[in-house]
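Undergrad: My questions will all concern the structure given below.
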Amino acid sequence: MDFYDRNAVEYAERAYSRNLDFLLEPFCKAVPAGGRVLDLGSGPGRDSLALAARGYPVVSIDRSLGLLRQHRERGGENLVRGDLSWLPFRNGVFDGVWACASLLHVAKARLIFTLNEARRVLRSEGVLFLSVKAGTGESVDADGRFWALYEEGELADALTIAGFLPLEHSRSADLAGREVEWINLLAQSL
């Protein structure tokens, strides 16, 4: 998280310059109007604020204090500093969990555990959205950031093991213009 704390201002500026309405729309159609949403790995809050503007009460959790500060400066509320794999919430309190570009920082060995935590805090038939970089393997980049890349089948298997029914999937280009493809999945808790 050091990278994100050191670069929080620049990272937030880049994040807020990207429009993810094409990903938010299917999620919002699947989550009941006014349903409570957890933004899992909220970063500087771009998606949390977009969901709140659509009428969803949002709780945002991230490990980076710097990014949470950026979120608060932009009007974010209900911010929690914490680990995505150990959620400090009661069972069944959310209608939706939004995990956009966050689970790629979770080691593959911990993915099912982390998905189980997301399912635990969801109500029955709650909705999970996740977006990760397509590819294979795990690595640490020059900035010290950990990355886990996934294939669609690998994610679908993990979701099934964790008690989710995959509903929709899509692929999208990287909005920053990098040569990266993103896998976007919508699933329902069983």
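Everything in the sequence shown is counted per the working numbering, starting at 57 for the first residue and increasing by one.
Yeah, the Cβ is synthetic: ideal placement off N, Cα and C, and Gly gets one too.
What whole-angstrom Cβ distance do Leu80 and Leu105 have, given they're in contact under 8 Å?
TA: Not really, about 11 Å apart at Cβ, beyond 8 Å.
Undergrad: Could you pull the start and end residues of the alpha helix (DSSP H) that Leu80 belongs to?
TA: Leu80 -> alpha helix (DSSP H) spans Asp77 to Ala86.
Undergrad: Would you call the region 106-124 and the region 79-94 touching, i.e. three or more CB-CB distances under 8 Å?
TA: Contact between the region 106-124 and the region 79-94 is present, because at least three Cβ pairs lie under 8 Å.
Undergrad: Using 8 Å as the threshold, is the region 203-220 in touch with the region 161-173, meaning 3 or more CB pairs across them?
TA: Counting Cβ pairs under 8 Å, three or more are found: they touch.
Undergrad: Is the distance from the Cβ of Asp151 to the Cβ of Val115 below 8 Å?
TA: Not closer than 8 Å, so no.
Undergrad: What is the residue span of the beta strand (DSSP E) that Phe185 lies within?
TA: That run of the beta strand (DSSP E) goes Leu178 to Lys189.
Undergrad: For Val196, which residues does DSSP report across the bridge?
TA: DSSP lists Phe202 as partners of Val196.
Undergrad: Where Ser180 and Leu246 are concerned, what is the direct C-alpha to C-alpha distance, given to the nearest angstrom?
TA: Rounded to whole angstroms, Ser180 to Leu246 spans 6 Å at the Cα level.
Undergrad: Have a look at the DSSP bridge pairing and note the partners of Ser152.
TA: In the sequence under discussion, the amino acid at residue 152 is Gly, which differs from the Ser named in the question. DSSP output for Gly152 lists Val93 and Val183 as bridge partner(s).
Undergrad: Name the residue from Pro100, Arg175 and Gly91 whose alpha carbon lies nearest to the alpha carbon of Glu133.
TA: Closest by alpha carbon: Pro100.
Undergrad: Report the rounded CA-to-CA distance for Ala155 versus Val188, giving the unit in angstroms.
TA: Their Cα atoms are separated by approximately 9 Å.
Undergrad: So, helix, strand or coil for Ala157, using DSSP?
TA: Three-state DSSP puts Ala157 in coil, outside helix and strand.
Undergrad: Going by the DSSP bridge assignment, what does Glu237 pair with across the sheet?
TA: Its beta-bridge partners are Ala229.
Undergrad: His127 and Leu135: beta carbons closer than 8 Å?
TA: A contact, by the Cβ cut-off of 8 Å.
Undergrad: Please specify which runs of the alpha helix (DSSP H), each continuous and at least 4 residues long, are wholly inside the region 104-152, giving them in chain order.
TA: DSSP runs (the alpha helix (DSSP H)) wholly in the region 104-152: 121-129.
Undergrad: Kindly give me the distance between the Cβ atoms of Leu223 and Val153, rounded to whole angstroms, as I take these residues to be in contact under 8 Å.
TA: The pair is not a contact, with the Cβ atoms about 14 Å apart (cut-off 8 Å).
Undergrad: Would a C-beta distance cut-off of 8 Å place Leu159 and Leu186 closer than the cut-off?
TA: Taking 8 Å as the Cβ cut-off, Leu159 and Leu186 qualify as a contacting pair.
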